[in-house]
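Take the sequence shown: its position 59, counting from 1, is numbered 1295 in our numbering, and each next residue is one higher.
Below you'll find the structure, written out as C-alpha cells, and then a few comments.
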Amino acid sequence: MLAALANWLHYMLGLAAELAGKHRLFQANSLKTRRVLSFNYLGKRLCRLARVGISTEEIQAAVRQLLEWASVFDWSNVRKVIA
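Next up, the structure:
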C-alpha cells in the first residue's frame, strides 16, 4: 500500500512538472515534439533533487489533467477485462 502511494505521488509530481514546463530541465536531448521522460521518473527525480519547486497551483493543474483524462477514457474495456 505504501509503494502504491509513493508511485502515485511520483506520478503526480511528474505530471505537474511537465504541465509547468519544468520537465525540460531533466531532459538530456533536444526533442520537443513529444514527451520523453515518464511522469514517474520525473517525480522521482524531483523528490531526489528537490531543487525544482512545484507550486500548489501546478499540483492542482496536474489533478485537473488527471481528472480530464479519466473523464474521456473508455472505461467499457476495463470492465470487460475485470469480468
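Think of the CB as a built atom: it goes at the ideal place given N, C-alpha and C, for glycine as much as any other residue.
Rounded to whole angstroms, the gap between the alpha carbons of alanine 1256 and valine 1272 is 15 Å. Per the Cβ contact rule, the stretch 1298 to 1312 is not in contact with the stretch 1261 to 1271 (fewer than 3 Cβ pairs under 8 Å).
Contact between alanine 1298 and leucine 1251 holds, since their C-beta atoms are separated by about 4 Å, short of 8 Å. Sequence-distant Cβ neighbours of leucine 1285 in its own chain, meaning closer than 7 Å and more than five residues away, do not exist here. As the crow flies, the alpha-carbon of glutamine 1301 is around 21 Å from that of arginine 1281.
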